[in-house]
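> Taking my numbering, the leading residue of the first sequence gets 37, the next gets one more, and so forth.
Glycine residues also receive a C-beta, built at the ideal position from the N, C-alpha and C atoms.
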Amino acid sequence: MIKVTLKDGSIKEYEKGTTILEAAKAISEGLARVALAGEVDGEVKDLSYKLEKDCKLNILTFDSEGGKHAYRHTTSHVMAQAVKRLYPEAKLAIGPAIENGFYYDFDVEKPFSPEDLSKIEEEMAQIIKEDYPLERFTLPRDEAIAFMEERNEPYKVELIRDLPEGEEISFYKQGDFVDLCAGPHIPSTGKIKAFKLLSVAGAYWRGNEKNKMLQRIYGTSFSKKSELDAYLFRLEEAKKRDHRKLGRELDLFDIYDEGPGFPFFLPKGMVLRNVLEDFWREEHKKRKYQEIRTPVILNEDLWHRSGHWDHYKENMYFTKIDEGNFAIKPMNCPGGMLVYKRRLHSYRDLPQRMAELGLVHRHELSGALHGLMRVRCFTQDDAHIFMTPEQIKDEVLGVIDLIDQFYSVFGFKYHVELSTRPEDSMGTDEQWEMATNALKDALEAKKMEYKINEGDGAFYGPKIDFHLEDSIGRTWQCGTIQLDFQMPERFDLVYIGADGERHRPVMIHRVVFGSIERFIAILTEHYAGAFPTWLAPVQVKILAILDKHHEYAYKVQKALEEKGIRTEIDIRNEKIGYKIREAQLEKIPYMLIIGDKETENGAVAVRSRKDGDLGAMSLEDFIEKIIKEIEMKA
RNA sequence: GCUGCUGUGGCUCAGCAGGUAGAGCAGCGCACUCGUAAUGCGCAGGUCACCGGUUCGAAUCCGGUCAGCAGCUCCA
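#1: Is I134 buried or exposed, if buried means 16 or more other CB atoms sit within 10 Å of its CB?
#2: Give every residue of the same chain whose Cβ lies closer than 7 Å to the Cβ of S507, excluding the five residues on either side of it in the sequence, and list them in chain order.
#3: Please report the Cβ distance between M423 and I328, rounded to the nearest whole angstrom; I am assuming they are in contact, meaning their Cβ atoms lie under 8 Å.
#4: Would you identify the three-state DSSP class for Y140, choosing helix, strand or coil?
#5: So, for G343: in the same chain, excluding its five sequence neighbours on each side, which residues have a beta-carbon less than 8 Å away from its beta-carbon?
#6: Compute the beta-carbon to beta-carbon distance between G137 and R108, rounded to the nearest angstrom, for a pair I have assumed lies under 8 Å.
#7: Measure the beta-carbon distance from L96 to L72 and round it to whole angstroms, keeping in mind my assumption that it falls under 8 Å.
#8: Taking C-alpha atoms, which residue in S206, E189, E618 lies nearest to H221?
#9: I'd like to know whether the C-beta atoms of W316 and D417 end up nearer to each other than 8 Å.
#10: Would you identify the three-state DSSP class for E319, choosing helix, strand or coil?
#11: Taking buried to mean at least 16 other C-beta atoms within 10 Å of its own C-beta, is F354 buried or exposed?
#12: For L475 and L454, what's the separation of their Cα atoms in angstroms?
#13: For T41, which residues does DSSP report across the bridge?
#14: For the structure I just gave you, are there three or more beta carbon pairs, one from the segment 509 to 521 and one from the segment 372 to 383, closer than 8 Å?
#15: Helix, strand or coil, according to DSSP, for D337 in the structure here?
#16: Comparing alpha-carbon positions, which option in D528, G66, L282 lies nearest A564?
#17: Can F142 and V119 be called in contact, C-beta distance under 8 Å?
#18: In terms of residue numbering, what span does the alpha helix (DSSP H) encompassing Y376 cover?
#19: In this structure, how does DSSP classify I659 when only helix, strand and coil are distinguished?
#20: With DSSP run on the structure shown, which of helix, strand or coil describes V574?
#21: Can you find the residues in the same chain that come closer than 7 Å, C-beta to C-beta, to M484, ignoring five residues on each side of it along the sequence?
#22: Alpha carbon to alpha carbon, how far is T111 from P498?
#23: Which residue marks the beginning of the alpha helix (DSSP H) containing Y443, and which one marks its end?
#24: Just list the beta strand (DSSP E) runs in the segment 532 to 585, keeping only unbroken ones of 3 residues or longer that don't cross its boundaries, in chain order.
#25: Around the Cβ of K89, are there at least 16 other Cβ atoms within 10 angstroms (buried) or fewer (exposed)?
#26: I'd like the span of the beta strand (DSSP E) that includes M249, first residue to last.
#27: Evaluate A680 with the Cβ neighbour count: other Cβ atoms within 10 Å of its Cβ, from every protein chain shown; 16 or more gives buried, anything less gives exposed.
#28: Might you give, ordered along the chain, the residues of its own chain that have their beta carbon closer than 7 Å to the beta carbon of Q638, omitting 5 neighbours on each side?
#29: Is the segment 615 to 624 in contact with the segment 586 to 594, if contact means three or more CB pairs nearer than 8 Å?
#30: For T603, list the residues DSSP reports as bridge partners.
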């Protein structure tokens, strides 16, 4: 007998060799019915897995990440089986479960069309109906290769060849379909209750643009039809929050054919932007940052010196002035270097925090452009911190706190990644290790969870990246903290230490918003365009009922504007319901309705965007209320 | 940049298999003076992204270019 510790801490005894499914049945029939996989000592296994020793066991259903994962992974196998039935010449690549669904990559002569997707869906339904059990088996390496060669699956052969020696090579079989797969899977195809294929797109084999482009089909599946429908509905709803749509509707910003990737900020968008920048300046002043501004165009030699020529030229724009070669800056750091170098610094002056809202231009691939999220010119809320090596940790911690404080003001959730040395980079391994460890130490001191992004650092140093989510769950890098030993050396930056000698400072590049443009895009989607009062381009709209109320309406507007409140007034000859509807669609936080009663009493009838009619109050009370709200940034 | 899809008045979309464009909203004008999400009537507005080809004739078919969307790659 073996002792199995369950999720609730209770211990059950089973015969050695009991499967997870049998163990689940012993707990309850109901549980066994919805069981999809099991977690044994932290590893996810098939339900048919035999328990051979004392262990911790957690039965996974669709409610758990592991359960969902196995369920969707099996759905992707069903899709592959359907594709092979319909298009036998299709070669299989990889087909994992991902967040919210799954995909499978195929090498086919002719790309899939939307009609093909429907056909594949029908075939999948058939396979599910036929309810094949998924059977796992393993093969020694050479047999595994021979097996896939025989089936004419070159990508699978390549995958097997790349598996480490001695690794168990497992396969899953369902009916006539067999796939190389580590698993786990759910017990049979019939368990899949609701699925849908969502899109086709090209994807490079192994994510390398030098490789062949395969056809990737994305799909998702759920344990109930209602859950699938709810998910699809959520996707539709999320599209309405798209900042590209809202930006145009709310008159904030837009991008025209005349400037692909070069956004226009319209009057209302500028108000929002300026509020953000004001807030930014205020907070940076508190933290002893100085602000500078460096030129957009600087001569080419500077970019040779900084290393950008060697490592970043592909992303840069160049121009000529008279006979000289110039570059349009893709980053602010070289300019910042020149500012630091303008005079000799003492260790007493360090750390020096130099901030710059710098407009940079980068050549992004046309296919990468995405509204304000990915553009070809953007404003970084940059800062370069020059410091002694001893100050690194405190400075990094200070920036982490600053970013966290900013994001919490907006109620953003974020995740953090640590990016390490890329292939194309400058400096010695020792410097990189030192820098990477410094960032790690800071993250660990903060007890922050982070994911390591191998080889994704900047060419001059490793970085901590802060990622925010858009309306449909895609994440975008916003804040970043980059530690740099290279630039100070390249530019021969020095400070005079307590010993009277020259020393090399270390530098941090960091942004909080990231790019103002991207941040505004995220903000717009986060609030679905209904910005909190402190950010709203128009905070109050005054709606007069009749002509005779105009005079008082203007008086109200003047009183509000004297307090710095951003207003608009609607004195058009329209019904009040019409004006309210319009202001509501413009997502203005407060409407003040001005009619006979208000004019007589010096009052305002307040309607909030969120809560509707709030009734009448005195103008003074309203001003006090809204000012408090603005100050609270609520 | 790559793969697929898309491109009709400011916006959202119709326009069957080719015979030189239509609606709603927005805009403008007129009437209505009307209290919490759309008053009525009228008017104007489009080289159907651009270039070329096929055709007696193309928004509709073909090719190219540009732009957008999804994904890949890349990144703030």
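Short version:
#1: Position 98 of the first sequence, counted from the start, is the residue given in the question as residue 134. The C-beta of I134 has fewer than 16 other C-beta atoms within 10 Å across all chains shown, which makes the residue exposed.
#2: Within the first sequence, residue 507 is the residue found at index 471, counting from 1. Answer for S507: A274, R277, D278, E561, listed in chain order.
#3: On the first sequence, residue 423 is found 387 positions in, with the first residue counted as 1. On the first sequence, residue 328 is found 292 positions in, with the first residue counted as 1. Between I328 and M423 the Cβ distance is about 17 Å, and since that is not below 8 Å, they are no contact.
#4: Taking the first residue of the first sequence as 1, we reach residue 140 at position 104. Note: Y140 maps to strand in three-state DSSP.
#5: One-based indexing of the first sequence puts residue 343 at position 307. M462, F495, Y496, Q522, M523, R526, listed in sequence order.
#6: On the first sequence, residue 137 is found 101 positions in, with the first residue counted as 1. On the first sequence, residue 108 is found 72 positions in, with the first residue counted as 1. Sure, about 6 Å apart at Cβ, within 8 Å.
#7: Numbered from 1 along the first sequence, position 60 holds the residue referred to as residue 96. Numbered from 1 along the first sequence, position 36 holds the residue referred to as residue 72. About 6 Å; that satisfies the 8 Å criterion.
#8: Counted from its first residue, the first sequence places residue 221 at position 185. Among S206, E189, E618, the Cα nearest to that of H221 belongs to S206.
#9: As a first step, residue 316 must be located in the first sequence, where it is residue number 280. As a first step, residue 417 must be located in the first sequence, where it is residue number 381. Going by C-beta atoms, W316 is nearer than 8 Å to D417.
#10: Residue mapping note: residue 319 aligns to position 283 of the first sequence, counting from 1. Of the three classes helix, strand and coil, the one that applies to E319 here is helix, per DSSP.
#11: Within the first sequence, numbered from 1, the residue matching residue 354 stands at position 318. In the assembly as shown, F354 is an exposed residue. Its beta-carbon has fewer than 16 other beta-carbons within 10 Å.
#12: Here residue 475 refers to the residue found at position 439 of the first sequence. Here residue 454 refers to the residue found at position 418 of the first sequence. Each residue's alpha carbon lies about 8 Å from the other.
#13: Walking along the first sequence from the start, residue 41 turns up at place 5. For T41, the pairing in a beta bridge is given by DSSP as I47, K92.
#14: Contact fails: fewer than three Cβ-Cβ distances are below 8 Å.
#15: Here the question's residue 337 lines up with position 301 in the first sequence. Residue state, collapsed to three classes: helix.
#16: One-based indexing of the first sequence puts residue 564 at position 528. Cα-wise, what sits closest to A564 is L282.
#17: The count along the first sequence starts at 1 and reaches residue 142 at position 106. The count along the first sequence starts at 1 and reaches residue 119 at position 83. Less than 8 Å divides the Cβ of F142 from the Cβ of V119.
#18: Here residue 376 refers to the residue found at position 340 of the first sequence. Run containing Y376: 369 to 376, per the alpha helix (DSSP H) assignment.
#19: If you number the first sequence from 1, residue 659 lands on position 623. Helix.
#20: Counting from 1 along the first sequence, the entry for residue 574 is found at position 538. In the structure shown, V574 sits in coil (DSSP, three-state: anything other than H, G, I, E or B).
#21: On the first sequence, position 448 is the one that residue 484 refers to. Cβ contact annotation for M484 (same chain, cutoff 7 Å, sequence separation greater than five): V452, in chain order.
#22: Sequence index remark: in the first sequence, residue 111 carries index 75 (1-based). Sequence index remark: in the first sequence, residue 498 carries index 462 (1-based). CA-to-CA, the gap between T111 and P498 works out to about 39 Å.
#23: Taking the first residue of the first sequence as position 1, residue 443 is located at position 407. First-last of the alpha helix (DSSP H) with Y443: 428 to 445.
#24: As far as the segment 532 to 585 is concerned, its whole beta strand (DSSP E) runs of at least 3 residues are 542 to 551, 576 to 580.
#25: The residue given as residue 89 occupies position 53 in the first sequence. K89 counts as exposed, since fewer than 16 other beta carbons sit within 10 angstroms of its beta carbon.
#26: Here residue 249 refers to the residue found at position 213 when the first sequence is read from its first residue. In the DSSP assignment, M249 falls within the beta strand (DSSP E) that extends over 249 to 258.
#27: With the chain represented from 37 up to 670, any question about residue 680 goes unanswered, as that position is not in the structure.
#28: Numbered from its first residue, the first sequence carries residue 638 at position 602. Checking the sequence shown, residue 638 turns out to be Gly, not Gln. Leaving aside the five residues that flank G638 on each side, the residues in its chain whose CB is nearer than 7 Å to its CB run, in chain order, S654, L655.
#29: As far as the Cβ criterion goes, the segment 615 to 624 does not touch the segment 586 to 594, which means the pair count is below three.
#30: By 1-based counting over the first sequence, the position of residue 603 is 567. BP columns for T603 point to V576.
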